Each structure stands twice: as structure tokens, then as C-alpha cells.
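First the structure, in the form of C-alpha cells, and then the observations on it.
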Amino acid sequence: MFVIRLIGGVGNQLFQYTFGQFLRHKFGVEVCYDIVAFDTVDKGRNLELQLLDESLPLFETSNFFFSKYKSWKKRLFLYGFLLKKNNKYYTKYAPEEISLFTEKGLSYFDGWWQYPALLRDTINNMEDFFIPKQPIPVQIQKYYNEILLNNFAVALHVRRGDYFTSKYAKTYAVCNVEYYTSAVNLMCEKLRSCKFYVFSDDLDWVKSNLILPSNTVYVKNYDINSYWYIYLMSLCRHIIISNSSFSWWGATLNRNLHKIVIAPKYWSTKKNNTLCDNSWIKI
């Protein structure tokens, strides 16, 4: 059995789930998902994938399973897990080693698995999976109706939050006012008409710092499954993303054959490679 750990926000969960499906098809092995992190080490997050898979195959953990813990406790119980013959633990994709899997053991995958090129075919083959299995929430029905009818709808995702207020700021504070201003101006140049739909964890900051057209719609944040906002972004004809897996999925799941996607050139201040497709405009 292959077990994939689900942890983090909905964008990360989508990568982890998709990676699990990639492994299932490539190696022909049963795949389950470990969700215990949301009750233990990642309590600030919620499992969001029930909206897409109501019968998500789950892995049952024991009281002493390592994924329930951090630091030395995790290392201690992980050591015990690896003492069992044929058990494996992966934080990186290693196909040659994984192919040696035996049905007698358990292989555990603990990571973010943000490999767009590797997962591209799997994502394309999972098109039906990414359609929500529940009715549109009444809170966002008006946005949904508007976007479907607007041939010039442009999603604009502004990620603030922990990217700018925590230890991550030195690494991920890439998308500043200059980036969004350039992206908006470029999108307006390329389209004869635009109507921006702003998705952000800090709408007040957007309104105070970005100059946007008067017809811009600021999508309110309601207490609903976060995937609904990725779904709304994907329905817009075009999109400006931030360096976030959240809007990366909004752009990737957009089925407009002529979509314009504008993305940051670098995914972090370390100027490492982005997750962006070659067809996207990077600035």
C-alpha cells in the first residue's frame, strides 16, 4: 500500500492527492490518504477534498504513528516504522526505488509533490474529479452566474497573509504592488475589455494599494470550502496569479483554450524555478 500524507491548504492537498493518483496508475498499487495532520500538527487547516471525492480512501493510523507528531517524537516513531521490514518513507520522488515496492510493506509519502511536469497527464485525465460534487453555495451563486456570462472575466489572486507577516516573508514576499500593477496593465493591453474578479485573503490591502478599474468585483471570503474559490477562478476566461499553489490550480484547471495567464517570474526570493507552464506570461 502507498500512503500519501495530506497536509497544508487546499492547493497543497490537490498536489498531494494528484500525486497519489499518479502513483496508483504508474505502479498499480492501492493508494490511501493520511489526514491525521488536520487533527494534530496542522490544526489551523481543514481537509477540503471531500468536495471532490466524497469517498476519499483513508489510512487509519495507530496512536503511535509518526505522522501525528512533530520534532523528536516524529523521528522516534518514524524510526520504529522503518524497523519493520519492507516499510519505506519518501520525501522525494524516487521512481527507481519505489518500483521495488513489495505488497508486504507500506510506503509512506510525506511531501508537497509540486511537480507540474510529472503530474500534467494525470491532471488532464482527472478532469471530472475537479468538478465539485455539491451544489454551488448560495453565498457565491452571484459570482458564479456573473463569471459564466462574462467573456472578459479575469481572476486576480492576491496572496498576503503568512507570506508577508511571518517567517516566510523573506522567502515568499515576491508579488508586490509593482508586480500586480504590471500584470493588470499588461492584461488590459491584451484584452479589449476586462472585468477583474479579485480573490484575496486581504481584500482591504488590495483596495488600499492597487488601482483597479471601477467595475472590479471583490469576491468576499465566506466560511465555505476553500476549493470553491479555486473553482470560481478557473471559470474566469483569464487569470493573474500569485506565487501560490492556490491560484496555480485556478490557472491550471482553466479550460479556456485561449486563456491568458500572467504569473510571477520567480516563485520565491531565492529566484528558483517557478511552477508555471511555459505558455504562461511571466513578469
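In this note's numbering, the protein residues as written are 1419 to 1701. Virtual Cβ for every residue (Gly too), placed ideally from N, Cα, C. Remember, it's a predicted structure, so these values are computed and weren't measured experimentally.
Helix, strand or coil, according to DSSP, for V1459 in the structure here?
It is coil, neither helix nor strand.
According to DSSP, simplified to helix, strand and coil, what is R1655?
coil
Among all the DSSP beta bridges, which residues are the ones paired with R1423?
D1452
Please determine, among V1624, I1549, D1457, the residue with the shortest C-alpha to C-alpha distance to E1472.
Nearest Cα to E1472 within the set V1624, I1549, D1457: I1549.
Output the residue ranges of the alpha helix (DSSP H) runs that lie fully inside the stretch 1592-1622 and measure 4 residues or longer, sorted by chain position.
1595-1608
Contact check, Y1597 vs P1682, beta carbons under 7 Å:
For Y1597 and P1682, yes; Cβs fall inside 7 Å.
Quick check on the DSSP output: the alpha helix (DSSP H) that includes A1681 runs from which residue to which?
Taken as a continuous stretch (DSSP letters only), A1681 belongs to no alpha helix (DSSP H), being part of the beta strand (DSSP E) at 1679-1681.
Are L1702 and S1652 touching if we call contact CB-CB under 7 Å?
This structure leaves residue 1702 out entirely; the chain is present only between 1419 and 1701.
Would you mind working out which of P1475, V1454, G1427 sits nearest M1419, comparing C-alpha positions?
P1475
DSSP state of V1447, grouped into three classes?
For V1447, the three-state secondary structure derived from DSSP is coil.
Please report the distance separating the alpha-carbon of I1554 from that of V1637.
A direct Cα-Cα distance of roughly 15 Å separates I1554 from V1637.
Report buried or exposed for Y1497, applying the criterion of at least 16 other Cβ atoms within 10 angstroms of its Cβ.
exposed
Measure the C-alpha to C-alpha separation of L1441 and S1686 and round it to an integer number of angstroms.
28 Å
Mind checking if V1679 is an interface residue toward chain B, Cβ cutoff 7 Å exclusive?
Looking at the structure shown, chain B is missing, and only one protein chain is on hand.
What does L1574 pair with, by DSSP beta-bridge criteria?
V1616, I1658
Quick check: the Cα distance between Y1435 and H1676, rounded to an integer number of angstroms?
28 Å
Is the CB-CB distance between R1673 and A1571 below 7 Å?
no
Beta-carbon contacts of Y1562 that lie in its chain and below 8 Å, excluding the five residues immediately before and after:
I1554, L1650, L1653
For the stretch 1518-1584, which segments carrying the alpha helix (DSSP H) assignment without a break, of at least 4 residues, lie completely within its bounds, in sequence order?
1534-1543, 1559-1567, 1580-1583
Strictly by DSSP, which residues pair up with K1700?
Residue pairing by DSSP places K1700 opposite A1681 in a beta bridge.
Tell me, please, which residues DSSP counts as bridged to V1635.
Y1615.
Quick one: what's K1506 bridged to in DSSP?
S1525
In whole angstroms, give me the CA-to-CA distance for L1621 and C1450.
Rounded to the nearest angstrom, the two C-alpha atoms are 37 Å apart.
Taking 8 Å as the cut-off, does the stretch 1475-1494 touch the stretch 1443-1459 (at least 3 CB pairs, one atom from each stretch)?
yes
Could you tell me how far apart the beta carbons of D1452 and F1477 are, in whole angstroms, since I believe they sit closer than 8 Å?
5 Å
Test item: CB-CB of S1618 and V1624 under 7 Å
yes
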